Amino acid sequence: MSASVGKAALILRAFRPTLDVLSLRSLAERTGLPRSTVHLLCRTLVAEGLLEVVPRAGYRLGPFLLELGGLIIDRTGLVDAVEGSTAALQRSAGQELHVGQIVEGWIVYVHRESGPRRVTMSNRVGMRAPAFMSGCGRSALAALDPQDADLRIRRVCKQEQISLPDMGALAEEFAHARVRGYLVCRSFQPGRTSVAAAVIGADGQPAGALSIAGPTSTFAPSRLGDLGRAVSDSAAIVSRRLQTRRSLIAVPRLPDVPA
Numbered sequence: 221m222s223a224s225v226g227k228a229a230l231i232l233r234a235f236r237p238t239l240d241v242l243s244l245r246s247l248a249e250r251t252g253l254p255r256s257t258v259h260l261l262c263r264t265l266v267a268e269g270l271l272e273v274v275p276r277a278g279y280r281l282g283p284f285l286l287e288l289g290g291l292i293i294d295r296t297g298l299v300d301a302v303e304g305s306t307a308a309l310q311r312s313a314g315q316e317l318h319v320g321q322i323v324e325g326w327i328v329y330v331h332r333e334s335g336p337r338r339v340t341m342s343n344r345v346g347m348r349a350p351a352f353m354s355g356c357g358r359s360a361l362a363a364l365d366p367q368d369a370d371l372r373i374r375r376v377c378k379q380e381q382i383s384l385p386d387m388g389a390l391a392e393e394f395a396h397a398r399v400r401g402y403l404v405c406r407s408f409q410p411g412r413t414s415v416a417a418a419v420i421g422a423d424g425q426p427a428g429a430l431s432i433a434g435p436t437s438t439f440a441p442s443r444l445g446d447l448g449r450a451v452s453d454s455a456a457i458v459s460r461r462l463q464t465r466r467s468l469i470a471v472p473r474l475p476d477v478p479a
């Protein structure tokens with residue numbers, strides 16, 4: 221049974237933001253499993269709502285995963301903690317608020333607030349990306365123990381079969397972010413800039429990060445420091461709310477046992 225679960229997990233892990241539909245042949249190639257095994261497991265996963273059939277194309281992730289993901293997001297409380305915590309953040313036209321949750325070496329975008337003039341950006345809710353690529357992801361990684369951050373980056377690069385970034389440059393960027401409380405990222409999307417800061421959970425570890433992002437032309441260099449401090453202040457408010465929320469969750473008390 222455990223071997224079948226592991227194989228099913230391989231199939232689910234094969235899907236990526238850029239590979240949302242995979243054929244039986246592609247799944248077999250990406251997992252290294254025999255096509256007959258993949259076919260049998262896919263039928264089971266479809267029956268359970270974990271996959272769904274795309275006619276004449278293959279399979280994609282099923283709706284039940286959305287329910288499971290929603291439970292995890294709600295358990296973390298990151299989105300709830302953001303609500304009302306960022307009202308003081310002043311955004312220029314075209315800039316957006318993004319909130320990402322760190323999951324292993326990934327950043328998963330769980331919230332997005334657009335302004336009156338929405339621009340094209342790939343940070344849609346539900347999208348995930350290797351954390352080292354984006355402003356939110358880098359901010360969260362910077363708040364980790366450096367060895368932990370290094371391990372997560374290397375692991376996700378191995379999983380995705382992508383080249384390692386310049387680890388020395390990233391380590392230096394993370395060190396500056398820890399001192400300043402924020403970082404500026406211009407490499408995730410061409411012509412886009414994000415100013416991001418980490419959100420810390422009740423366990424002292426980063427739960428994710430928030431950022432102000434938009435066209436690079438909307439970020440005046442003379443104002444980046446002020447904006448960075450404002451983003452850092454908002455992230456600190458979200459952190460406190462998140463930590464308070466977690467501390468208020470009732471822990472069931474066992475009844476006293478008579479001596």
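Residue 290 in this note's numbering sits at position 70 of the sequence shown, and the numbers go up by one each step.
The beta carbon of each residue, even a glycine, is placed where N, CA and C say it ideally should be.
Computed from a predicted structure; not experimentally measured.
Grouping DSSP H, G and I as helix and E and B as strand, with all else coil, what is residue i?
i    : result
R236 : strand
G226 : helix
Q463 : helix
S414 : strand
L468 : Because L468 sits at a pLDDT of 46, beneath the cut-off of 50, its placement in the model cannot be relied upon, and the following sentence gives the value as read from the coordinates. Reduced to three states, the DSSP call for L468 is helix.
V345 : coil
E287 : helix
V241 : coil
P385 : coil
G252 : coil
Q379 : helix
G314 : coil
L403 : strand
E324 : coil
L309 : coil
A440 : coil
Would residue i and residue j qualify as a contact pair, given that the criterion is a beta-carbon distance under 8 Å?
i    : j    : result
L462 : G421 : yes
A301 : S359 : no
A433 : P426 : no
L361 : R374 : no
G297 : G320 : no
G325 : P350 : yes
F352 : L317 : no
L309 : A429 : no
A234 : L242 : yes
S431 : S414 : yes
L230 : L265 : no
G355 : F394 : no
R348 : V328 : yes
T306 : S454 : yes
R412 : P435 : yes
From the DSSP secondary-structure annotation, give me the bridge partner or partners of residue i.
i    : result
P435 : R412
G278 : V274
I420 : P426
P350 : W326
H396 : DSSP output for H396 lists no bridge partner at all.
H331 : V319
Could you check whether the Cβ of residue i sits closer than 7 Å to any heavy atom belonging to the ligand SAH?
i    : result
T464 : Because no ligand of any kind appears in the structure shown, any question about the ligand SAH cannot be addressed here.
Contact defined as beta carbons within less than 8 Å: I believe residue i pairs with residue j. What is the distance between those atoms, to the nearest angstrom?
i    : j    : result
K227 : L281 : Contact flag wrong, Cβ pair sits at about 16 Å.
- Query: Quick one: any contact between the region 397-408 and the region 367-383, if contact means 3 or more CB pairs under 8 Å?
  - Reply: no
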